[in-house]
Amino acid sequence: MSRYNAKETEAKWQTVWDDRQCFAAQEDPSRPKYYVMEMFPYPSGRIHMGHVRNYTLGDVVARYKRARGYNVLHPMGWDSFGLPAENAAIENNVHPAKWTRENIAVMRDQLKSMGLSLDWSRELSTCEPDYYKQGQRLFLDFVEAGLAYRKESWVNWDPVENSVLANEQVIDGRGWRTGAPVEKRLLSQWFLKITEYSDDLLAALGSLDRWPDKVRLMQQNWIGRSEGARVNFKLKGRQDRLDVFTTRPDTLFGASFCAVAANHPLAQEMAADNPALQAFIAECNRMSTSEEAIETAEKRGHDTGLKALHPFIDGRELPVYVANFVLMDYGSGAIFGCPAHDQRDLDFARKYKLPVVPVVAPKDADPAGFDVADVAFVDDGVIINSEFLDGLNVTAGKRAAIDRLVEQGDGESSIRYRLRDWGVSRQRYWGSPIPIIHCDSCGIVPVPAADLPVLLPDDISFDQPGNPLEHHPTWKNVDCPVCGKAARRETDTLDTFFDSSWYFNRFCAPHADDTPFTRSAVDYWMPVDQYIGGIEHAVLHLLYARFFTRALRQCGYIGIDEPFDGLFTQGMVCHETYRDADGQWLFPDDVRPGDDGAPRHAKTGAVVERGRSEKMSKSKKNVVDPAAIIDTYGADTARIYMLSDSPPDRDLEWTEAGIEGAWRYVNRLWRLFTDKDAPLAAIDAPMPNSLGEHADAAWKAIHRTIADVSGDLDRFHFNRAVARIRELTNLLGDLKGLSEDVAWVRRQGLQTAAQLIAPMMPHLAEELWHALGYEDLLVDTAWPTHDPAMLAEESVTIAVQVNGKLRATLDMPRDTAREAVETEALALENVQRATDGKAPRKVIVVPNKIVNVVV
RNA sequence: GCCCGCUUGGCGGAAUUGGUAGACGCAAGGGACUUAAAAUCCCUCGGCCGCUCAGGCCAUCCCGGUUCGAGUCCGGGAGCGGGCACCA
């Protein structure tokens with residue numbers, strides 16, 4: 000029997016679907032809509048297995064919902080601005096636009112070879128002027144609405160390249176290309192006021208019940224609402240005060256120092272005539288801007304010489320330090336340290352020999368003898384050594400401390416968020432130009448709407464480091480739109496997260512030039528019913544998009560707050576890693592099993608060290624090219640492999656054996672459907688009057704499978720759905736006999752199997768459908784339904800336990816009375832033996848499930 | 001450092017609300033077919049004892065708890081992974 004020809008068959012059906020425009024979406028108020036979208040890819044070159052997994056998952060949902068009668072929108076686009084294009088420009092001397100567009104062309108073909116049910120007519124690419132023009136328009140709206148503003152902010156600075164570095168370009172505190180120690184620079188940049196929506200973004204998480212709990216929790220922690228107090232410390236010998244935010248005002252009596260950020264105004268002022276402090280601040284400014292770098296760095300400080308006066312203890316002076324772990328962006332950029340009850344403060348106090356006074360004791364400890372050594376006590380307890388707070392618990396202590404601060408005029412209760420405003424300025428070429436003109440007379444002037452888009456110049460050079468827009472001979476020179484005098488364009492471009500925060504709205508209608516998106520179409524399609532992508536986007540992209548949607552509403556563009564009704568986060572695709580004797584990474588293609596089964600180099604035969612399985616990445620070379628897999632086995636095989644074993648939210652291990660197994664199943668199905676010796680009823684054959692034992696069991700299994708697979712697909716249990724379908728096809732393969740009822744049930748079973756497998760392996764399913772003699776397209780066929788009456792089992796197997804251990808099973812008619820079940824169970828030989836003839840103390844009967852005899 | 005997750009046979013995993021642990025598959029071993037190989041088909045397959053049957057003991061990362069009953073709930077711990085605001 001011939002093998003299934005995946006290549007020809009897949010191309011054939013792709014052409015048919017394309018010719019008939021099967022997946023072109025249209026607004027249709029008469030049907031329920033379903034908007035399914037996967038996170039659009041960055042065009043890095045070729046598709047990788049992560050893409051294959053992502054778009055397979057989305058396509059299963061799209062095709063399934065479509066079969067269930069939904070009006071489905073399933074679009075695709077390109078997140079095509081970004082740093083890698085500039086890196087390619089520098090390394091390979093190719094223009095970012097050329098590099099990007101060529102990548103898109105390759106990846107579009109690759110995606111098309113997967114047979115995805117996409118509406119390609121809505122394709123968009125964020126790096127094209129028709130798209131970023133609309134983004135610029137939105138930016139100007141935000142400026143107008145007060146949602147975008149300028150402020151000074153710190154960036155990583157490479158002093159050799161004279162350019163800004165992304166955090167990922169800072170390796171161990173040094174520039175990735177120059178190796179020079181990274182410094183921090185203060186630049187005036189644009190920010191979006193995401194913090195204006197802190198509370199709303201936090202509260203609305205509760206309504207996102209089709210989002211994974213872990214993502215909601217991560218966003219909650221990211222927003223980081225904390226209640227506490229502002230304490231305005233008087234400063235000895237000065238009129239101004241030090242504004243400090245704390246979540247622990249109850250520990251004020253244990254304060255032994257204050258600390259400010261290196262870029263706090265007081266630090267700057269005190270450093271003016273203090274070279275040692277200057278040096279320390281300069282050292283702080285050499286640290287990367289990433290929170291990780293700051294948190295893991297050794298905690299260090301430098302005394303400013305200032306003294307803060309304790310608000311509750313007359314004459315108590317607290318030294319004010321500059322400390323490298325205090326962030327200017329959080330709270331007021333200043334803290335007070337209570338070493339006994341904060342680990343970081345404790346480490347700091349020990350290092351600088353500052354007092355450690357415990358002011359909260361564990362409830363069951365002796366207050367007089369309580370002290371801390373190396374571990375701060377951070378739990379609730381009883382307040383001690385704190386005058387008017389003594390004896391209170393932490394909650395009451397906070398309240399009482401705040402009341403007293405207010406009374407004295409030294410502070411007030413306060414809520415702070417960890418969330419910071421979103422800096423969108425990037426000192427790079429390959430992004431949307433920020434549509435602003437700087438005029439010496441008029442200040443900051445928005446580019447008039449009629450002048451949009453502000454196009455990126457094509458003739459740029461990466462010969463010198465830094466932002467090519469800055470170095471361009473003419474681009475930034477422009478006349479002020481207000482006064483007409485010579486002015487300068489903003490040379491910063493927008494963060495690419497800006498582009499990806501609203502693209503789903505533009506998918507809703509044919510792309511117009513005069514508006515970012517069409518209101519009526521957005522009203523129809525949005526919100527996205529199912530969004531699918533990697534967990535790595537849990538906070539940034541997904542939070543920015545939520546904020547953006549609110550901002551768009553504030554500007555009158557749309558009527559909703561939340562862009563994504565359902566979210567699914569997929570796991571990564573992993574593969575074993577291999578290294579040769581020199582420690583160099585090897586591609587899986589370069590490794591073959593040797594005679595002893597141990598991995599060997601395919602060409603040299605040298606021993607290869609097998610490493611653990613990790614996320615596929617170019618740097619470790621543990622990648623398998625999807626194009627090669629699709630070329631060899633076909634897209635359906637790759638798709639079913641992506642779906643069959645691992646639950647979609649977990650990591651998936653790619654193995655050669657696994658893809659072979661998937662390919663064998665494809666061919667098993669092909670043989671099952673094209674077996675000329677097996678009986679197959681005519682298409683319109685009526686149901687026989689009676690079914691024999693095997694046919695009846697198969698008929699019930701068909702209904703059971705429809706019910707199970709539908710439920711599994713609804714809940715993203717795709718691996719289970721595959722298992723259920725395998726069970727059905729195994730059963731159909733074992734159906735014996737040539738009788739009429741077998742032939743009839745066989746047709747029902749095959750037809751159902753083709754329909755159930757269609758969302759996962761659409762080409763094969765379509766081919767099998769036609770092998771059964773159907774003329775219409777499976778892709779236009781409604782999802783099969785099951786008869787609930789067929790699911791009821793007449794008898795059940797009941798587990799019988801003695802003291803919680805399984806001793807026997809009991810087949811009984813469904814819903815047998817408790818007493819009868821108990822009597823039967825106790826009479827069982829195994830139960831008699833296990834109870835040793837003793838009378839049971841208690842018998843627990845769970846109907847149709849289990850009996851537990853307790854002796 | 002902080003936040004979040006994951007951990008079940010040789011492997012991927014299954015096990016609605018606590019109720020028969022290991023569905024479905026991969027790998028492996030044995031057999032059939034074949035001149036041979038591939039493909040295909042059949043059988044075995046968590047460990048140990050018994051080993052023909054019957055059966056018994058152990059087993060869901062580790063330690064403890066709740067319960068008639070825990071992979072599932074609670075407390076503590078270990079290992080691995082993701083994110084940390086300019087990678088996308």
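The numbers in numbering that gives the first Met the number 0 rise by one with no breaks, and the one at position 214 of the first sequence is 213.
Glycine included, C-beta positions come from ideal geometry on N, C-alpha and C.
Sub-8 angstroms separation of residue i and residue j beta-carbons
| i | j | result |
| --- | --- | --- |
| R149 | Q188 | yes |
| L56 | P592 | no |
| L388 | A375 | no |
| L727 | R745 | no |
| V830 | R813 | no |
| V801 | T822 | no |
| R65 | S116 | yes |
| S120 | S79 | no |
| G532 | M38 | yes |
| E9 | D630 | no |
| R427 | E182 | no |
| V468 | T490 | Correcting the residue type first, residue 468 is Leu in the shown sequence and not Val. Yes. |
Exposed unless 16 or more other CB atoms sit within 10 angstroms - verdict on residue i
| i | result |
| --- | --- |
| N231 | buried |
| V845 | exposed |
| A339 | buried |
| S460 | exposed |
| W12 | buried |
| M0 | In this predicted model, M0 has a pLDDT of only 48, less than 50, meaning its place in the structure is not dependable enough to derive any value. |
| A605 | exposed |
| S206 | exposed |
| L191 | buried |
| P445 | buried |
| C283 | buried |
| Q25 | exposed |
| V721 | buried |
| A254 | buried |
| V356 | buried |
| V622 | buried |
Residue nearest to residue i in terms of C-alpha spacing, selected from the options
| i | options | result |
| --- | --- | --- |
| Y773 | T751, S385, Y196 | T751 |
| C337 | F715, N284, F244, F279 | F244 |
| H301 | R417, V321, R315, I557 | V321 |
| A537 | T303, D212, E316, I414 | D212 |
| D522 | W16, Y34, Q20 | Y34 |
| D198 | V622, R419, E386 | R419 |
| L241 | G81, A333, A626 | A333 |
| A228 | G408, G368, A87 | G408 |
| K97 | S225, C126, P40, V325 | C126 |
Three-way DSSP call (helix, strand, coil) for residue i in this model
| i | result |
| --- | --- |
| I559 | coil |
| M0 | Reliability fails at M0, whose pLDDT of 48 lies under 50, so the model's placement of it is uncertain and the value that follows must be treated cautiously. Correct three-state label for M0: coil. |
| I682 | coil |
| A661 | helix |
| R45 | coil |
| D707 | helix |
| L566 | strand |
| S116 | coil |
| E122 | coil |
| V845 | strand |
| K192 | coil |
| A400 | helix |
| A10 | helix |
| G390 | coil |
Three or more C-beta pairs below 8 angstroms linking the stretch 735-747 and the stretch 679-695: These segments touch.
Contact the stretch 33-46 vs the stretch 471-483: 3+ CB pairs below 8 angstroms: The answer is no - the stretch 471-483 does not touch the stretch 33-46, with fewer than three Cβ pairs under 8 angstroms.
Stretch pair the stretch 537-551 + the stretch 574-588: three plus CB contacts closer than 8 angstroms: no
Inter-stretch contact at 8 angstroms, needing at least 3 Cβ pairs: the stretch 423-442 / the stretch 130-144: Contact between the stretch 423-442 and the stretch 130-144 is established, with three or more Cβ pairs separated by less than 8 angstroms.
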